[in-house]
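I have placed the structure first, in the form of structure tokens, so that the comments after it can refer back to it.
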Amino acid sequence: MNLDALKEINTNNPEILEQSARDNNANESTVTGIALFAANNGYDSLTPPQKYHFDNCIRPLIEDVQCSGYNHECEEVPRECPATLDDQDLVEYYQNDGKYCESCEGQASSDAHSKESFMRD
Ligand SMILES: [Zn+2]
């Protein structure tokens with residue numbers, strides 16, 4: 001769980017929290033309120049009902065987040081990547097609207113490289 005990522009969400013992507021609240025049939029302003037409080041005071045200072053909402057709506061956003069999945073531009077069917085991102089990558093994930101795991105990152109940069117040399121030739 002990465003509370004810095006939660007701060008990033010609170011500041012720049014609050015709609016992700018609202019969406020997650022709707023997906024879980026929870027009240028949007030309750031969930032965004034808990035997110036703000038937890039980011040500043042930590043998970044342990046939440047009450048049990050708040051923890052319940054946190055675990056349902058917020059924790060999946062800042063823990064074991066799935067890789068965005070890299071797709072070669074020529075591939076028509078998007079591939080799902082089952083890898084999860086490291087907690088320390090999550091701030092970047094929310095700053096950049098997504099992030100690849102190490103293996104997808106490697107694929108992306110090698111494709112970028114071969115495209116570059118192709119354009120040169
Ligand atoms: Zn991946």
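Residue 115 in full-length UniProt numbering sits at position 115 of the sequence shown; the count goes up by one each step and never skips. Here a beta-carbon is modelled for each residue, glycine too, at the ideal position from N, C-alpha and C. Remember, it's a predicted structure, so these values are computed and weren't measured experimentally.
Cβ separation of Leu61 and Ala38, assumed to be a contact under 8 Å, to the nearest whole Å: For the purposes of this step, residue 61 is taken as the residue at position 61 of the sequence shown. For the purposes of this step, residue 38 is taken as the residue at position 38 of the sequence shown. Not really, about 11 Å apart at Cβ, beyond 8 Å.
Bounding residues of the alpha helix (DSSP H) (the contiguous stretch that carries Gln107): If you number the sequence shown from 1, residue 107 lands on position 107. Taken as a continuous stretch (DSSP letters only), the alpha helix (DSSP H) holding Gln107 covers Glu102 to Arg120.
Glu28 versus Val77: straight-line alpha-carbon distance, rounded: For the purposes of this step, residue 28 is identified with residue 28 of the sequence shown, where counting begins at 1. For the purposes of this step, residue 77 is identified with residue 77 of the sequence shown, where counting begins at 1. Straight-line Cα distance between these residues: approximately 33 Å.
For review: beta carbons within less than 7 Å of any heavy atom in ligand 1: Cys67, Gly69, Tyr70, Cys81, Ala83, Tyr100, Cys101, Ser103 and Cys104
Length-filtered (3 minimum) beta strand (DSSP E) runs lying within the stretch 34 to 96: none
Lys7, enclosing alpha helix (DSSP H) - first and last residue: The residue you call residue 7 lines up with position 7 of the sequence shown. Counting along the chain, the alpha helix (DSSP H) containing Lys7 begins and ends at Leu3 to Asn12.
Proximity below 9 Å, CB of Ala5 to CB of Tyr93: Counting from one through the sequence shown, the residue named residue 5 turns up at place 5. Counting from one through the sequence shown, the residue named residue 93 turns up at place 93. For Ala5 and Tyr93, yes; Cβs fall inside 9 Å.
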